[in-house]
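Undergrad: Let me give you the structure first, and then I'll get to my questions.
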Amino acid sequence: MGHTRTDSGDETLLKIDGTLDALTAPELRPVLDQLVTESRKSITVDLSHLRLIDSSGVGALVSLLKRVRGYGGEVRVAGVRDQPLAIFKLLQLHRVFPGLPGA
Amino acid sequence: MITLSVPGSIEYRDIAVRVIGGACKFVEADDAEQFATEVVSAFSEAFNNIVLHGYRDIRASGTPPGNIEVVIHHRAVDDATRELTIAIKDHGRVFDPAQYVEPPDEMPERGMGLFIIRSFMDELRYQAGPPNVLTLVKRCRQGERKKSAPP
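Shown next as structure tokens:
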């Protein structure tokens, strides 16, 4: 799993690639915690290069969403495809993540 | 039949997933990509459950966790139906999926693994051990064009 963070004014773009799962989600958690600590209000998570996600990875993203919404911000996801899209559709996450195609 | 045995640590999941993904090709599903996506997703969650829950106490005691053995079969059920069966064996704590039936809520952070397994597989069986055996079964019906193709 790799990630890059780019800030532009109030906007933050977080790109995650590779695999986001039970092994790598703990590695990403400090990055997500830092976004919350800085109260970033508009976050886009680009998953166009994410190859595989599991329930631990989904849990990390949903946790971020809940915390950011807690202070009035928003998290969008972009570029979801292949196996991650199948998981997002199954869990009907289009209902909570703006920008996600409907099931 | 394909068998493999890997240490019950999350670092070894990727190796097992690659074997599962390869085994899916033998089923020759019409939509091979979707078939493999669903099987790999379900298997990954099952592997996670064994490592994170089944072997948690053993790992916490400082003892290396036991292995996870995976046995894969594929067969033709009839002229139009193929079936992939994955038996996953462990020596950890009993984790009976039948005790966990709730689907995830709208904003889930936990409890999604079994929901994913149930949704993507056609059958889920569990036999408490040792060894515990979780059996995942997925079938696919092949299209008319493939059915009529010469052997």
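First to last, the sequence lines map onto chains Y and F. Residue 64 in my numbering is what sits at position 41 of the first sequence, and the numbering runs on without skipping anything. Residue 737 in my numbering is what sits at position 123 of the second sequence, and the numbering runs on without skipping anything. Heads up, the beta-carbon is just placed ideally off N, CA and C, and yes, glycines get one too. Bear in mind the structure is a predicted one, so any value in this text is a computation, not a measurement.
1. Since D704 (chain F) is in the beta strand (DSSP E), which residue starts that stretch and which ends it?
2. At a cut of 8 Å, does the stretch 736-752 of chain F reach the stretch 653-663 of chain F through at least three beta carbon pairs?
3. When we look at the beta-carbon of V631 (chain F) and count the other beta-carbons within 10 Å, is it buried (16 or more) or exposed?
4. For A109 (chain Y) and chain F, any beta-carbon pair shorter than 8 Å?
5. From Y:E61, Y:V119 and Y:L84, pick the residue whose C-alpha is nearest to that of K38 (chain Y); which is it?
6. Any C-beta of chain F sitting closer than 8 Å to the C-beta of D44 (chain Y)?
7. Buried or exposed for T42 (chain Y), please, with buried defined as at least 16 other CB atoms from any protein chain shown within 10 angstroms of its CB.
8. On a Cα-Cα basis, can you pick out the residue from F:S619, F:C754 and F:L618 that is closest to D692 (chain F)?
9. Since I believe R707 (chain F) is in contact with D671 (chain F) (beta carbons under 8 Å), could you give me their beta-carbon distance rounded to a whole number of angstroms?
10. For P626 (chain F), name the three-state secondary structure that DSSP assigns.
11. What's the gap between the Cα of P745 (chain F) and the Cα of E642 (chain F)?
12. Taking C-beta pairs closer than 7 Å, name the residues in chain Y that R724 (chain F) reaches, listed in chain order.
13. Alpha carbon to alpha carbon, how far is P764 (chain F) from F649 (chain F)?
14. Could you tell me whether the Cβ atoms of F734 (chain F) and E652 (chain F) are closer together than 8 Å?
15. Mind checking S655 (chain F): buried by the 16 CB within 10 Å criterion, or exposed?
16. Distance, Cα to Cα, K761 (chain F) vs H688 (chain F)?
17. With a threshold of 6 Å on Cβ separation, who are the neighbours of T47 (chain Y) within its own chain once the five nearest residues in sequence on each side are excluded?
18. Any chance the stretch 92-103 of chain Y sits against the stretch 111-124 of chain Y, with 3 or more Cβ pairs inside 8 Å?
19. On the criterion of 16 or more Cβ atoms from any shown chain inside 10 Å, does A126 (chain Y) qualify as buried, or is it exposed?
20. So, are the CB atoms of D704 (chain F) and G622 (chain F) less than 8 Å apart?
21. Hey, quick one: how far does the alpha helix (DSSP H) through P49 (chain Y) stretch, first residue to last?
TA: Concretely, from the data shown:
1. T695 to D704
2. In short, these stretches touch, since the Cβ pair count reaches three.
3. Looking at its Cβ environment, which holds 16 or more other Cβ atoms inside 10 Å, V631 (chain F) is buried.
4. yes
5. Y:L84
6. yes
7. buried
8. F:C754
9. 6 Å
10. The residue asked about is misnamed: residue 626 (chain F) is Tyr in this sequence, not Pro. It is helical.
11. If you take the alpha carbons of P745 (chain F) and E642 (chain F), they lie about 31 Å apart.
12. Within chain Y, the residues near R724 (chain F) are G82.
13. Caution is warranted here: a pLDDT of 48 is assigned to P764 (chain F), below 50, making its placement in the model unreliable, and the coordinate value is therefore given only provisionally. If you take the alpha carbons of P764 (chain F) and F649 (chain F), they lie about 23 Å apart.
14. yes
15. Around the C-beta of S655 (chain F), 16 or more other C-beta atoms lie within 10 Å, and the residue is accordingly described as buried.
16. With a pLDDT of 47 at K761 (chain F), under the threshold of 50, the modelled position of this residue cannot be trusted; read the value that follows with caution. C-alpha separation (whole angstroms): 17 Å.
17. M24
18. The stretch 92-103 of chain Y, when compared against the stretch 111-124 of chain Y, does touch it at the 8 Å Cβ threshold.
19. A caution first: A126 (chain Y) carries a pLDDT of 48, below 50, which makes its placement in the model unreliable, though a value can still be read off. Classification for A126 (chain Y): exposed.
20. yes
21. A48 to T60
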